[in-house]
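Novice: Dropping the structure in here first, questions after.
6 protein chains.
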Amino acid sequence: MTDTYLEQGERIAEQLSPGLRDALAAKYDAMLPGMSESLIGWAYGHQYARPGLDLKTRQLCTVAALTALGGQTGPQLKVNIGHTLAAGAEPREILEAIWQMAVYGGMPAAINGLNAAAEVFAERGIIPDQG
Amino acid sequence: MTDTYLEQGERIAEQLSPGLRDALAAKYDAMLPGMSESLIGWAYGHQYARPGLDLKTRQLCTVAALTALGGQTGPQLKVNIGHTLAAGAEPREILEAIWQMAVYGGMPAAINGLNAAAEVFAERGIIPDQG
Amino acid sequence: MTDTYLEQGERIAEQLSPGLRDALAAKYDAMLPGMSESLIGWAYGHQYARPGLDLKTRQLCTVAALTALGGQTGPQLKVNIGHTLAAGAEPREILEAIWQMAVYGGMPAAINGLNAAAEVFAERGIIPDQG
Amino acid sequence: MTDTYLEQGERIAEQLSPGLRDALAAKYDAMLPGMSESLIGWAYGHQYARPGLDLKTRQLCTVAALTALGGQTGPQLKVNIGHTLAAGAEPREILEAIWQMAVYGGMPAAINGLNAAAEVFAERGIIPDQG
Amino acid sequence: MTDTYLEQGERIAEQLSPGLRDALAAKYDAMLPGMSESLIGWAYGHQYARPGLDLKTRQLCTVAALTALGGQTGPQLKVNIGHTLAAGAEPREILEAIWQMAVYGGMPAAINGLNAAAEVFAERGIIPDQG
Amino acid sequence: MTDTYLEQGERIAEQLSPGLRDALAAKYDAMLPGMSESLIGWAYGHQYARPGLDLKTRQLCTVAALTALGGQTGPQLKVNIGHTLAAGAEPREILEAIWQMAVYGGMPAAINGLNAAAEVFAERGIIPDQG
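Chains as they are written, first to last, in this note's numbering: chain A, 1 to 131; chain B, 1001 to 1131; chain C, 2001 to 2131; chain D, 3001 to 3131; chain E, 4001 to 4131; chain F, 5001 to 5131.
Okay, here's the thing in structure tokens:
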């Protein structure tokens, strides 16, 4: 990865979740050398850093997909709900993206997604606007 | 379903894909009475019709999720790429939402999603902006 | 949703799990207005209320599918094991529907399903007939 | 596998689909010695042959689960719709088991399942009762 | 199952995890008669016992697949990481098989797999070689 | 991506499938600029190029996982069966890795995997050793 891709990834990761690169490195790099570089440089530096779709919409797409994929991605759904708030989405927009997934991933996946959002909002003292 | 929900669903479905309700009814209602009413009234009347998230972003979320869910939802992915264009998204935005899913659903799911988009664009003579 | 569909859904939900509508409303409607109406009116009023297949068999099908879908639907599997008992199924029939899924969803999914059933039965003091 | 399990499996497989064991053996055993014995002896001899749930309900559970699992199991869904008719289910019961899965596996999975059933019924000249 | 298949399965299961057959029987056979015989005789006696691929590679394939399948198979992933060590794999080989799955099952599945391995290694005081 | 990662990825991709980078670029880069660089540089340069597990075993793990994931990854399974032969695996080893997945991804996934392998072998005139 050129510095450009890795640096791009670090910048976006830092915007979404300050300290993410260091946290990944501390947790995984001793066990699996280069893990944090691969994740940050590729997922954020190559994929999220692309032009053509704004970061907030990218994050709402991620929340929708992780909801539909279900239990397998539970911990990452909570992390990405936080990233989506950091990218400027309203809590209500996040809830709507999750609940719409009842159509595609089934009711259980959507309900589990709502529960994940409720936990994140409770941890942060967020009360969604009921517009 | 009150007329309101069903009517709302028919209005949104008509916007995304003219004739969708009638096509569903013709294909499924003789085999399974009430199928088109349940689908249109619930999926579009209850879920897509909600305030709180604009229709274009809803559709991009759907495209992302169907990509990540993979083969199970192949035919519906193509249908929804069409709906997403009808909701005002640029082809490039659709491609970006699909490709980002390599991070969450894996490379095979993302590549299959790109192939689905390429087919829809070819059928419609669309050449994505490479900006 | 006409009163008819919503009322039908409430009647079936009440039969399967007394107080379900109110519990859903209390937990989700403030966060996501109309959530309980959409779920009860559609899932139970439209889908479960259909003629053509008895409620007990419907519930056994649900248990089988949630088992095969696996971890994503773990909490809902336990809820639906309760609903299936309420629909008149024997504990042994439920275990058989779960264990058969080893053929289709793999051994891990089936074993996790048996564990879910064992928890529900233990909570209710049920000892399955080994006939 | 004792003769008992393998024989049990052959008897049930023959009831559901005459010639199934021989068809599997002809297609797979040269490539993978013992494949048909493992499948018939285990899936039908051990799992389907169990007491505690009647064969028709077992098959409806299988149809429901294969629908919810989606594209991964498309060919087997068609095969099992045939087996479920052979086990005594009405076409309408099969359609209901499939359509109910919209709640758990999402609309795309349920629609693909209906399409599979429509193909099987068309091949056999079956017109479902719309009761 | 002939004694041969069941005995083969018991021998391999004992090699991978001493006492496995008895543990399964104690946990499941009273609830579901014959469960441990079906699992051990088929999964280990028929499938794992086959010639043509060595046991260590079989176990690495299992770890890779359970990682890609994700949350549904979380408990079985930890069990099979233990079995894979028993089959002679280095901890580092296990981590590599897991991390490679980021390409096919997505980053969340791979990260959850690394976390599962970290737990197993911590329980056993294993520190992976970082070669 | 530094030249090192991209170059590493190109070297491994060339070993597994001569011309792969150019084929990807021709098919996807006009539609989605940088796609082939991201895929080759990350999937092969970062992930497959890692030390700690030999390429043949990596490919067998990939075949196992794609089998278990099922329909979503059908086209990529066939591609990777070819890559696994190129990495030095015997046809029989590939069949064994696929069939073992019946235990984890269910019978339908394993049967579909065998069918994919049979197609690849037929295209190449390979007759697996039945040893």
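All C-beta atoms, glycine included, are put in the ideal place defined by N, C-alpha and C.
Output yes or no for whether 9 Å exceeds the beta carbon distance between I2094 (chain C) and A2122 (chain C).
Specialist: No, these two residues do not count as a Cβ contact at 9 Å.
Novice: Taking DSSP as the reference, what is the three-state secondary structure of M3107 (chain D)?
Specialist: Correct three-state label for M3107 (chain D): helix.
Novice: At a Cβ threshold of 9 Å, is A65 (chain A) touching chain B?
Specialist: So, interface residue.
Novice: Alpha carbon to alpha carbon, how far is M1107 (chain B) from A5043 (chain F)?
Specialist: Cα to Cα, M1107 (chain B) sits roughly 9 Å from A5043 (chain F).
Novice: In this structure, how does DSSP classify M3031 (chain D) when only helix, strand and coil are distinguished?
Specialist: Coil, per DSSP.
Novice: Closest by CA to T84 (chain A), which one among A:A102, A:I12 and A:L39?
Specialist: Checked all of A:A102, A:I12 and A:L39; the closest Cα to T84 (chain A) is A:I12.
Novice: Excluding the 5 residues preceding and the 5 following G3105 (chain D) in the sequence, name in chain order all residues of the same chain whose CB lies nearer than 8 Å to its CB.
Specialist: So the list reads T3067, A3068, L3069 and G3070, once near-sequence residues are dropped.
Novice: Measuring only from the beta carbon, is A4023 (chain E) closer than 8 Å to any heavy atom that is part of the ligand ATP?
Specialist: No copy of the ligand ATP appears in this structure; indeed no ligand is present at all.
Novice: Would you verify that the beta carbon of N5112 (chain F) is, or is not, closer than 9 Å to some beta carbon of chain D?
Specialist: Chain D contact via Cβ: present.
Novice: Scan the segment 2035-2086 of chain C and note each continuous alpha helix (DSSP H) run of 4 residues or more that stays entirely inside, going in chain order.
Specialist: You should have 2035-2038, 2055-2069 and 2074-2086.
Novice: How would you list, in chain order, the residues of chain A whose beta-carbon sits under 9 Å from the beta-carbon of L2006 (chain C)?
Specialist: Going along chain A, no residue has its Cβ under 9 Å from L2006 (chain C), so there is no contact; the nearest lies around 16 Å.
Novice: So with Cβ pairs under 9 Å, would you call T5102 (chain F) a contact of chain E?
Specialist: Looking at the sequence provided, one finds Ala at residue 5102 (chain F) rather than Thr. Chain E contact via Cβ: present.
Novice: Rounded to whole angstroms, what is the Cα-Cα separation between P18 (chain A) and L3039 (chain D)?
Specialist: Their Cα atoms are separated by approximately 52 Å.
Novice: Which value, in whole angstroms, describes the spacing of the CA atoms of K78 (chain A) and V120 (chain A)?
Specialist: Roughly 7 Å separates the two Cα atoms.
Novice: Strictly below 9 Å CB to CB, what residues from chain F border P1128 (chain B)?
Specialist: Near P1128 (chain B) (Cβ distances below 9 Å), the residues of chain F are A5030, M5031 and L5032.
Novice: Where E3014 (chain D) and L4055 (chain E) are concerned, what is the direct C-alpha to C-alpha distance, given to the nearest angstrom?
Specialist: Approximately 34 Å, taken between the alpha carbons.
Novice: Measure the alpha-carbon distance for A2025 (chain C) versus G2034 (chain C) and round it to whole angstroms.
Specialist: Using only the alpha carbons, I get a separation of about 8 Å.
Novice: Measure the C-alpha to C-alpha separation of P4091 (chain E) and G4125 (chain E) and round it to an integer number of angstroms.
Specialist: The straight-line gap from Cα to Cα measures roughly 11 Å.
Novice: Which residues in the same chain as N112 (chain A) place their Cβ atom closer than 8 Å to its Cβ, once the five residues preceding and following it in sequence are excluded?
Specialist: These residues qualify, in order along the chain: T67, G70, G71 and G74.
Novice: Going by C-alpha to C-alpha distance, which of B:P1051, B:D1129, B:N1080 and B:A1023 sits closest to Q1008 (chain B)?
Specialist: The shortest C-alpha separation from Q1008 (chain B) is found at B:P1051.
Novice: Can you tell me which of the three DSSP states P2018 (chain C) falls into?
Specialist: Coil at P2018 (chain C), not helix or strand.
Novice: Out of E:D4022, E:A4102 and E:H4046, point me to the one whose CA is closest to Y4005 (chain E)'s CA.
Specialist: The option with the nearest alpha carbon to Y4005 (chain E) is E:H4046.
Novice: Against S5038 (chain F), what residues of chain A qualify as contacts under a CB-to-CB distance less than 8 Å, listed in chain order?
Specialist: Result: W42, H46 and Q47.
Novice: Kindly list the residues whose CB is nearer than 7 Å to the CB of Y4028 (chain E), restricted to its own chain and excluding five residues on each side of it in sequence; keep chain order.
Specialist: Correct list, in chain order: M4035 and S4036.
Novice: Work out the CA separation of G82 (chain A) and A3023 (chain D) for me, nearest whole Å.
Specialist: So the two alpha carbons sit approximately 54 Å from each other.
Novice: Go ahead and label G2041 (chain C) buried or exposed: buried means 16 or more other beta carbons lie within 10 angstroms of its beta carbon, across all protein chains shown.
Specialist: Classification for G2041 (chain C): buried.
Novice: At 7 Å on the CB atoms, spell out the chain B contacts of G4106 (chain E), in chain order.
Specialist: Result: V1103, Y1104, G1105 and G1106.
Novice: What is the DSSP secondary structure of E4119 (chain E), reduced to helix, strand or coil?
Specialist: It is helical.
Novice: Check the Cβ of D1095 (chain B) against every Cβ in chain F and list those closer than 8 Å, keeping chain order.
Specialist: In the sequence on display, residue 1095 (chain B) carries Leu and not Asp. What L1095 (chain B) touches in chain F: M5031 and L5032.
Novice: For the alpha helix (DSSP H) that contains P5128 (chain F), what are its first and last residues?
Specialist: Run containing P5128 (chain F): none; DSSP gives neither H nor E here.
Novice: Under 9 Å, Cβ to Cβ, is there at least one residue of chain F near A2109 (chain C)?
Specialist: Yes, contact with chain F.
Novice: Would you decide whether I1098 (chain B) is buried or exposed? Buried here means 16 or more other CB atoms lie within 10 Å of its CB.
Specialist: By the neighbour-count rule (16 or more Cβ atoms within 10 Å), I1098 (chain B) is buried.
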